[in-house]
Structures are given as C-alpha cells and as structure tokens.
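Counting from 1 along the sequence shown, just add 63 to a position and that's the residue number in our numbering. Just so you know, even glycine gets a beta-carbon here, dropped at the ideal spot from N, CA and C. Since the structure is predicted, the reported quantities are computational estimates derived from the model, not experimental observations. Everything below concerns the one structure shown next.
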Amino acid sequence: MGDIAHDEVSFYSNAEDYWKEVPATVDGMLGGYGSISIIDINGSKDFLRKFLGVKHFKMSSSSGSNNTEGEGKTGTRCALDCGAGIGRITKRLLLPLFSTVDLVDVTQEFLDKAKIHLGEDSKRVGNYFCSGLQDFAPENGHYDVIWIQWVIGHLTDEHLVKFLQRCQKALRPNGLIVIKDNVSYEGVVPDEVDSSICRDLAIVRSLVAKAGLRIIHEEQQMNFPKEIYQVHTLALR
Ligand SMILES: C[S@@+](CC[C@H](N)C(=O)[O-])C[C@H]1O[C@@H](n2cnc3c(N)ncnc32)[C@H](O)[C@@H]1O
C-alpha cells in the first residue's frame with residue numbers, strides 16, 4: 064500500500080519537475096514537433112465544426128448537416144483548455160470560436176507565458192488556474208467545451224475517471240468534453256522521461272465508460288509523422 068501511494072506521489076512530482084525544465088514554446092509543448100501544430104489545430108477545427116453552431120467556419124454547401132448524430136448544437140460561450148501549457152490550443156482553436164476561455168495547467172511558468180503568447184486576445188481569457196487536473200474541479204454547469212489534449216497520460220486511471228466525472232458536471236446543456244491524445248498499439252506504455260503513460264484506445268474507451276460518459280464521435284488525426292504515436296480525438300458527453 065505504502066509503495067503504491069509513494070509511486071503515485073512520485074508519478075506526479077516527477078512530471079511537474081520535468082515540465083518545469085521544458086522551454087515555454089510551441090516546440091516545448093510538442094516535444095520538438097512544433098511543426099505539426101498547424102496540422103493538429105486544423106484537424107481539431109474540423110472535428111469541432113461537427114458540433115458547434117456555424118460561427119467562424121464556412122460550411123461547404125455539399126457538407127449537409129454540421130451536427131453529429133442530430134444532437135443539439137454545442138454553444139460557443141465558454142471553453143476550458145486542460146493541460147493548456149502556454150495556450151497553443153487556446154490561441155489558435157478555442158479563442159477564435161468561444162467568447163471566453165479558461166486555462167488550467169500544473170506549470171505556473173507556462174500560464175505566465177500564455178498571457179504573453181495570447182497577445183490582445185488574452186483579454187478574453189477568464190481564468191488561469193494553476194492546478195494538477197487530479198485536484199481540479201471545474202465550475203459546475205459552466206463550459207460548452209472542455210478540451211483535454213496531450214495530458215491524460217499524466218493522470219492515473221482513478222484520477223482520470225474522477226476528473227472526467229467532474230468535467231461532465233461542469234458542462235452546459237449540449238456541452239462536450241474532447242480528449243485528444245496519443246494512443247499506444249497495445250496496453251500501457253510508460254514514459255520514464257516525462258513521467259507519463261500512453262494507453263491503448265480500448266483502455267481509454269473503458270475509462271471513459273467507467274466515468275459514465277458516452278463517446279459520441281471518434282476520429283484519428285491524420286497526416287502526423289509516421290514515427291510518433293497515433294493520435295485519436297474523442298467527443299464525450
Ligand atoms: C504535452 S504538453 C501539452 C500542452 C497543450 N495541451 C498542447 O497541446 O499544446 C503537456 C502539458 O500538461 C501539463 N501537465 C502535466 N501534468 C499535469 C497535470 N497533472 N495536471 C495538469 N497539467 C499537467 C504540462 O505542464 C504541459 O503544459
């Protein structure tokens with residue numbers, strides 16, 4: 064028992080120590096793959112477009128309904144960027160679509176940099192929360208979209224399930240939780256360097272189900288370099 068508790072403490076503290084040493088740049092956020100940020104953001108825009116009321120996006124006339132499975136459209140008032148880092152996603156994906164965005168990250172230095180990185184648009188950031196997601200409770204009924212990208216590998220299974228449950232409570236009507244992350248080919252692959260794990264898709268799906276959430280849409284991000292993990296995006300309610 065004692066060892067498990069100790070392992071969990073060091074799992075989190077080693078990750079915090081790792082990120083404190085990472086440069087507060089787009090390249091730093093993406094482990095040296097800064098050049099894929101545009102592909103990532105464009106893929107995420109296309110993904111979100113399926114759920115939001117038409118706003119900044121132009122829909123082609125042949126695309127039919129922009130809504131998945133005929134469910135209600137997701138609002139565009141407020142989004143939460145989880146494990147936001149310097150606000151790479153907030154800047155290019157969320158602020159262009161939502162009236163206000165909140166950021167949460169465990170690394171204060173990244174949130175400080177985000178204020179600069181976001182420029183003028185930082186005026187539309189509501190809150191910069193410095194917290195581990197394992198300890199963070201988003202405000203109930205507050206968010207249209209909760210975006211969780213490249214950070215679930217820093218949470219234990221139990222904490223991920225509980226965090227997703229808190230996120231579900233934090234959604235506004237027709238709100239959406241989006242997980243976008245690396246998936247392993249099979250099983251759980253630990254990364255000793257940044258103190259994270261990479262789960263396979265079946266495990267991620269089972270944790271989502273354990274949290275009582277439903278996967279309403281799922282896609283693989285295409286056009287990423289061959290040598291990195293596959294990246295999948297899951298929309299949950
Ligand atoms: C790979 S970066 C991704 C940043 C951002 N999501 C993006 O895609 O540009 C991982 C981020 O997760 C943050 N992080 C690591 N462990 C965390 C935790 N337990 N809770 C919240 N944030 C965490 C790090 O500080 C870092 O900003």
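In the DSSP assignment, residue 282 falls within the beta strand (DSSP E) that extends over 278-283. DSSP, read as helix, strand or coil, puts residue 182 in helix.
Counting C-beta pairs with one atom in each stretch, the segment 237-250 and the segment 101-114 have three or more that are closer than 8 Å, which means they touch. With 16 or more other Cβ atoms from the protein chains shown falling within 10 Å of its own Cβ, residue 138 counts as buried.
If you draw a straight line from the Cα of residue 215 to the Cα of residue 168, it comes to about 12 Å. A direct Cα-to-Cα measurement between residue 289 and residue 209 gives close to 28 Å.
In the displayed model, residue 214 falls within coil according to three-state DSSP, outside both helix and strand.
With fewer than three CB-CB distances shorter than 8 Å, the segment 181-192 does not count as touching the segment 213-229. Taking 8 Å as the cut-off, one finds at least one heavy atom of ligand 1 near enough to the beta carbon of residue 194.
Pairwise C-beta distances place the segment 248-259 in contact with the segment 75-87, as three or more of them are shorter than 8 Å.
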